[in-house]
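Okay, so the sequence shown: first residue is 1 according to my numbering, each after it adds one. Note that beta-carbon positions come from the ideal geometry of N, C-alpha and C, so glycine has one too. Notes follow the structure.
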Amino acid sequence: MPLPRAQTLKALGEFGFLDRLLPTLGRRRDVIVGPGDDCAVVRCGSRRLLITTDALVEEVHFERGWLTPVQLGRRSLLVNLSDIAAMGGRPTACVISVGVPPNFPVRDLLAIHNGIKSAGRAAGVAVVGGNVTGAAHLFISVTVLGEAGRRIITRAGARAGDEIYVTGTLGDAALGVRQLRQGQRTGVAVRRYREPQARLTAGAVLAQHNLASAMIDISDGLLQDLGHIAAASRCGAVVEVDRLPYASALRRLPPAQALQLALRGGDDYELLFIVPARRVAALEQLRRRLGCRVTRIGRCLPRRFGVELEGAGREVHVRGGGGWDHFAS
Numbered sequence: 001m002p003l004p005r006a007q008t009l010k011a012l013g014e015f016g017f018l019d020r021l022l023p024t025l026g027r028r029r030d031v032i033v034g035p036g037d038d039c040a041v042v043r044c045g046s047r048r049l050l051i052t053t054d055a056l057v058e059e060v061h062f063e064r065g066w067l068t069p070v071q072l073g074r075r076s077l078l079v080n081l082s083d084i085a086a087m088g089g090r091p092t093a094c095v096i097s098v099g100v101p102p103n104f105p106v107r108d109l110l111a112i113h114n115g116i117k118s119a120g121r122a123a124g125v126a127v128v129g130g131n132v133t134g135a136a137h138l139f140i141s142v143t144v145l146g147e148a149g150r151r152i153i154t155r156a157g158a159r160a161g162d163e164i165y166v167t168g169t170l171g172d173a174a175l176g177v178r179q180l181r182q183g184q185r186t187g188v189a190v191r192r193y194r195e196p197q198a199r200l201t202a203g204a205v206l207a208q209h210n211l212a213s214a215m216i217d218i219s220d221g222l223l224q225d226l227g228h229i230a231a232a233s234r235c236g237a238v239v240e241v242d243r244l245p246y247a248s249a250l251r252r253l254p255p256a257q258a259l260q261l262a263l264r265g266g267d268d269y270e271l272l273f274i275v276p277a278r279r280v281a282a283l284e285q286l287r288r289r290l291g292c293r294v295t296r297i298g299r300c301l302p303r304r305f306g307v308e309l310e311g312a313g314r315e316v317h318v319r320g321g322g323g324w325d326h327f328a329s
């Protein structure tokens, strides 16, 4: 279907644009998982390589003063490592493309690279190349390569009756962004925004032990990312809002505000994963090996349902759309 001549990205939205674009890209025989998942998976000889890329752009993802250059470098790699975790893989190397204004301090650019290298060392990731270019605003684009395990987890394996789980807590980073915009520079929520946890250990254990049937990392908000799993898996889902795991900072907020942040906040980079009912007991036995808190928050439904919310005997109201979209109004 042709686009109206004057249609803009703001009118179509990020995911509306991707819905138009992705079917046009085609496939090759050596592409195991193509566009539309957390990573692409490409066969290279006897190995299966994971490939993912993401960018942090000044005045879109961060503002000056929100992070030190080292923190910014670390964050730019960690958000990409989260995609590798969501596929149950192991990261190995990365390349970096940085755009900087001409008057950007050299010491700050070196500090950004030091942050990337420090996060890489902790995860076993080598920086193997990149590019520096002039730009109106600072941006950092990182591409990470990894190795797929014996089993690759995509977004497409959920079925009605499966259970929905998340790692960690939800809404902390979104609260951190709110606090940073208000001038606050310290606190647990601000730290969660600055230093997301790439759940590589949890993702690997879930894949190695065949515990998860589908998985995604929560970058754009729980509702939106659960919607991606539901769409890819052709099923519905219900979130039991009273089960959502909040950190202490969110529990101090009015309940409606905390719920909004947990459902739509984005930037959590926790894992959202689906467990078949027959594997729940095995998950409980291996819970400690995941290395983080794990909470059941809902269940999958037949396809005729979308993503629904369920409260303990009360109606749940949530404002607005599903989550973060770079272009939608």
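With the cut-off set at 8 angstroms, would you say residue i and residue j are in Cβ contact?
i      : j      : result
Arg155 : Asp37  : yes
Pro245 : Leu170 : yes
Pro196 : Val79  : yes
Arg90  : Glu147 : yes
Leu67  : Leu175 : no
Val239 : Val294 : no
Ile116 : Arg74  : yes
Ala198 : Ser82  : yes
Ala277 : Gly161 : yes
Ala132 : Val100 : At residue 132 the sequence reads Val, which differs from the Ala that was named. Against a cut-off of 8 angstroms, the Cβ pair of Val100 and Val132 comes out as a contact.
Val188 : Arg289 : no
Glu200 : Ala85  : The sequence shown places Leu at residue 200, not Glu. Yes.
Arg181 : Arg243 : no
Ile152 : Gly88  : yes
Cys292 : Ala202 : yes
Gly221 : Arg252 : no
Val177 : Gln184 : no
Val57  : Ala93  : no
Val275 : Leu211 : yes
Leu259 : Val241 : yes
Phe48  : Val41  : Just to set this straight, residue 48 is Arg in the shown sequence, not Phe. In contact: Arg48 and Val41 (Cβ atoms closer than 8 angstroms).
Span of the alpha helix (DSSP H) holding residue i?
i      : result
Asp220 : No alpha helix (DSSP H) contains Asp220, which DSSP labels as neither H nor E.
Arg194 : Val188 to Arg194
Val280 : Val280 to Leu286
Thr201 : Leu200 to Gln208
Gly176 : Asp172 to Arg181
Pro255 : Pro255 to Arg264
Ala249 : Ser248 to Arg251
Tell me where the beta strand (DSSP E) around residue i begins and ends.
i      : result
Ile51  : Arg47 to Val57
Leu272 : Leu271 to Val275
His76  : For the sequence presented, residue 76 should be read as Ser rather than His. No beta strand (DSSP E) holds Ser76; the alpha helix (DSSP H) holding it covers Pro69 to Ala86.
Arg90  : Arg90 to Val100
Val60  : Val60 -> no beta strand (DSSP E), and no H or E assigned at all.
Ile32  : Val31 to Val33
Can you check DSSP and say which residues form a bridge with residue i?
i      : result
Glu310 : Glu240
Glu163 : Val275 and Arg299
Phe139 : Val57 and Gly99
Does DSSP put residue i in a helix, a strand or coil?
i      : result
Gly146 : strand
Arg20  : helix
Ser213 : coil
Val125 : coil
Arg43  : strand
Asn131 : strand
Val294 : strand
Arg289 : helix
Gly227 : helix
Gly115 : helix
Asp108 : helix
Ala158 : coil
Gln7   : coil
Gly120 : helix
Asp37  : coil
Gly320 : Low per-residue confidence applies at Gly320: pLDDT is 40, beneath 50, and the placement is therefore not dependable enough to give any value.
Inter-stretch contact at 8 angstroms, needing at least 3 Cβ pairs: the segment 259-272 / the segment 206-219: Enough Cβ pairs lie closer than 8 angstroms, so yes.
Touching by the beta-carbon criterion (3+ pairs, under 8 angstroms), the segment 69-86 and the segment 112-128: Contact holds: three or more Cβ-Cβ distances are below 8 angstroms.
Segment contact, 8 angstroms Cβ cut-off, at least three pairs: the segment 129-144 with the segment 224-237: The segment 129-144, when compared against the segment 224-237, does not touch it at the 8 angstroms Cβ threshold.
Stretch-stretch touch, CB-based, cutoff 8 angstroms, three pairs: the segment 186-194 with the segment 280-291: Result no; under three Cβ-Cβ pairs closer than 8 angstroms.
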